[in-house]
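Residue numbers (this note's numbering), protein chains in the order written: chain A, 4 to 248; chain B, 21 to 386.
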C-alpha cells in the first residue's frame, strides 16, 4: 500500500477581511522532505492550522490521500497519520518524559481503551528506543516541567516519532537549540523522511540548507517560489521580499 | 522503572506519602468507631452523641462530593460550580423514595399520595413518581439523573469547546435554574418545602440509633469505595490523558485523542458520585428542599477542595472535613461571621497555599 501524499489546491483563509492564505496550492509527495520558508505573516502557521484541522479554510481543497481534511476535527486528522510539532514546544508538564511518550504512542485513543491500557513489553521497548534517540533516557522518570527548552523540543519530536505519522509537520524545530543540536535535528529529519513525508517550517536558512530538500517560499499567503535552496535564493522575487531585506 | 506511576509528579517524598496513607487509614478506623461509641451509656466519657454521629455522617457525604469535584477539577481541569445540583438531584431521588415509603401514615392519610400532593389537589401520582417505591430504582435514578444532566450539559459545552470560567458560569446557571424550577409547586417535588417527615428506609425507622449507624456506615463505605475508584482511575492511562487535557488541551487533540469524550467521561462519572452522595445525605439529615440547589452550595464545595489541595483526592477529603468542622463550630458561636470567614479562607488559600493543606503537609515533611 502506498502512503498518502498531501494535496492543497486554491486554499484561502480569511480572518475579518485579512487574507492569511490566498489561493495557496501545495503538493507534498509521499516520503518527501519539504522546507517552507517565508517572512513573518506569510501564512506558514495558518497553513499548518488548516492541514491539522485547527482552522477551516474559507475556500479550497485540502486532501491527504483520499481524505478530505476540511471536514475533519483535529483528533480525526491526527488519527489519519498527521503529526504536528508546535513552534513553542508543548509537552505535558505534570507527566514524566516516559508518560509523555506513552500518551503519544500509537494505540487506541478512546477513554475505555485508555482505562484498560496495560503497557506491553513491545511498547515499552519502542518508548525506550525513542528516548534513546532523543537523548532523554536518563530523564525517563522526570516530569517534563523540569526539562530545559532544548530537551522539551526533543521530547516533542519524540512524541511525534511515537505517533508514527505518515505526514509530519514541524514548526521551527531548532528555535532555542545549540548548533550541535540543530545539526542533530537536521540529520534526524532527513533520516525519518523517506518512510514518511515531512514538512518543516523554519526561519534558519542554514538549517534549511542542511535539510537538503525542495524549498517552498510563502509570501502574503501564497506561494512565491519553489525549488532547491539555490534556486529560490537566486529568485529575484524572493530576494526582494525576503532575503534581501 | 518508576516511570509508569503517579501522573502528577507526586512520586517524590515517599515517606510523606506513606505517612499520609497511614493517617488516612487511622482516620477511617476512628470514624468507623463513632457509631459504636454512640451505644455507650449516657454517662460514659467516651459516649458519642446522636448529633455527632449524624453530623459526621453528613460530612462524609460532603467528602464524597468534594472527591467528585476534585476528580473533574483537579485532574481534568473542569471547574464545575454546579456540582451541588447533581448532589441535590441524587438527594431528591432518595427523597422521593422516602416519601413513597410514608404511605398512608401522612397527615392526610392518603394511601398513595404524599401530603403535599393531597394539599395541592393531585388526583393521582405523576408518571415520573412511578417506580420510586422500589429502593433499587431510587438508587438507580440517583445515579442516572445526575449522570444524564451532566452528559447533556457536558456534551453541549465540551463539543463547542467551552472551557474555563465560561463553563463554570454555565454550571452556575444550571444549578440556579434548577433551584428556581424546584421552588415551583407544579413541578411535583413539593415546592419550597421539599420533602421531609420521612419515616423509614429499608424497613428501619429513621429516627433510631440503628438507622443512623447504618446510614453512617453506608456513607463511609461509599467514601472508601469512591476513593479507591478515583485512585485507580487517575493511575491509569485514562488518568494521564485527563492530566494532559488539564495542562494542554489542544496538544491532546493533535495527538489524536477526542478531548470531548474524555472530559465527558470524567464529568459524568463525577456527577454520578455526587448524586450518590446526595442520596445518602438526605436520609441522614431528614430533609431535602430546593435550597440545596443554591449556587452558594456548589461554590462552597469547590472551596473545600481548594482548601484541602486539588488534584490529590486526599486533599478533597481533608478540605471537606476541616472546612465543615470549622463551619459547624463557627456557626454555633458566631453565625454572622461564617460567610466572611469562608471568603477569607478562599482568598488566603489561593494566595498563600495554592496547593492547599496537602501542599503544606508535603512541604513540612520534606
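The beta-carbon is built from N, C-alpha and C at its ideal position, and this holds for glycine as well.
All figures in this text were calculated on a predicted structure; none of them were measured in a lab.
**Message:** Between residue 96(A) and chain B, is any beta-carbon pair separated by less than 8 Å?
**Reply:** yes
**Item:** Sequence ranges, alpha helix (DSSP H) only - wholly within the segment 281-341 of chain B, length at least 4
**Value:** 315-328
**Asked** For residue 166(A) versus residue 86(A), is the C-beta distance shorter than 8 Å?
**Response** yes
**Request:** Report the option in 271(B), 201(B) and 123(B) whose CA atom is closest to the CA atom of residue 223(B).
**Result:** 123(B)
**Request:** Check the DSSP bridge columns for residue 216(B) and list the partner residues they point to.
**Result:** 307(B)
**Item:** residue 10(A), DSSP secondary structure in three states
**Value:** strand
**Request:** Determine, using beta carbons only, whether residue 254(B) comes closer than 8 Å to chain A.
**Result:** no
**Supposed contact pair residue 139(A) and residue 153(A) - C-beta distance, whole angstroms, cut 8 Å** = Going by Cβ atoms, the distance from residue 153(A) to residue 139(A) rounds to 11 Å, so no, they are not a contact pair.
**Asked** Among 288(B), 345(B), 354(B) and 339(B), which one has its Cα closest to the Cα of residue 163(B)?
**Response** 288(B)
**Request:** Answer with yes or no whether the minimum CB distance from residue 21(B) to chain A is below 8 Å.
**Result:** Caution is warranted here: a pLDDT of 36 is assigned to residue 21(B), below 50, making its placement in the model unreliable, and the coordinate value is therefore given only provisionally. Yes, its Cβ sits closer than 8 Å to a Cβ of chain A.
**Request:** Would you be able to state if there are at least three C-beta pairs under 8 Å between the segment 47-65 of chain A and the segment 227-246 of chain B?
**Result:** no
**Message:** Determine whether the beta carbon atoms of residue 199(A) and residue 170(A) lie at a separation below 8 Å.
**Reply:** yes
**Message:** Report the CB separation of residue 297(B) from residue 337(B) in whole angstroms; it is logged as a contact under 8 Å.
**Reply:** No, residue 297(B) and residue 337(B) are not in contact; Cβ-Cβ is about 12 Å, not under 8 Å.
**residue 226(A): first and last residue of the uninterrupted beta strand (DSSP E) it sits in** = 225-230
**Asked** DSSP three-state call for residue 28(A): helix, strand or coil?
**Response** strand
**Prompt:** Is any heavy atom of the ligand HEM found at a distance shorter than 7 Å from the C-beta of residue 208(B)?
**Reply:** Within the structure as shown, the ligand HEM is missing, as the structure has no ligands at all.
**Prompt:** Which residues, in order along the segment 32-47 of chain A, keep a beta-carbon less than 9 Å from a beta-carbon of chain B?
**Reply:** none
**Request:** Would you kindly work out how many angstroms separate the C-alpha atoms of residue 51(A) and residue 281(B), rounded to a whole number?
**Result:** 25 Å
**Item:** Environment of residue 85(B) [buried if 16+ CB atoms lie within 10 Å]
**Value:** buried
**Message:** Within 8 Å of any Cβ in chain A, is that where the Cβ of residue 258(B) sits?
**Reply:** yes
**Asked** Over what stretch of residues does the alpha helix (DSSP H) that includes residue 267(B) continue unbroken?
**Response** 257-267
**Alpha-carbon to alpha-carbon, residue 314(B) and residue 196(B)** = 6 Å
**Message:** To test your reading of the DSSP string, which unbroken alpha helix (DSSP H) runs of 4 or more residues are found completely within the segment 156-210 of chain B?
**Reply:** 184-203
**Message:** Applying the 10 Å Cβ sphere with the 16-neighbour rule, what's the burial state of residue 18(A)?
**Reply:** exposed
**Request:** May I ask you to report which of helix, strand or coil DSSP gives residue 78(B)?
**Result:** helix
**Prompt:** Any idea what DSSP makes of residue 234(B), helix, strand or coil?
**Reply:** helix
**Request:** Would you mind working out which of 225(B), 147(B) and 247(B) sits nearest residue 303(B), comparing C-alpha positions?
**Result:** 225(B)
**Request:** Determine, using beta carbons only, whether residue 330(B) and residue 90(B) come nearer to each other than 8 Å.
**Result:** yes
**Asked** Closer than 8 Å, CB to CB, is residue 105(A) near chain B or not?
**Response** yes
**Request:** Please list the residues of the segment 267-278 of chain B that have a C-beta atom closer than 9 Å to any C-beta atom in chain A, keeping them in chain order.
**Result:** 267, 268, 270, 271, 272, 273, 274, 275, 276, 277 and 278
**Request:** Measure from the C-beta of residue 282(B) to each C-beta in chain A and report whether the shortest distance is under 8 Å.
**Result:** yes
**Request:** Taking the CB atoms as reference points, tell me whether residue 159(B) and residue 299(B) lie closer together than 8 Å.
**Result:** yes
**Request:** Compute the Euclidean distance between the alpha carbons of residue 30(B) and residue 332(B), then round it to the nearest angstrom.
**Result:** Because residue 30(B) sits at a pLDDT of 45, beneath the cut-off of 50, its placement in the model cannot be relied upon, and the point is left open.
**Prompt:** Given that a residue counts as buried once 16 or more other Cβ atoms are within 10 Å of its Cβ, and exposed if not, what is residue 42(B)?
**Reply:** exposed
**Message:** Per the DSSP calculation, residue 71(A) is bridged to which residue(s)?
**Reply:** 66(A)
**Request:** Could you tell me which chain B residues have their CB closer than 8 Å to the CB of residue 71(A), listed as they occur along the chain?
**Result:** Within chain B, no residue comes near residue 71(A); the closest Cβ sits about 18 Å away, beyond 8 Å.
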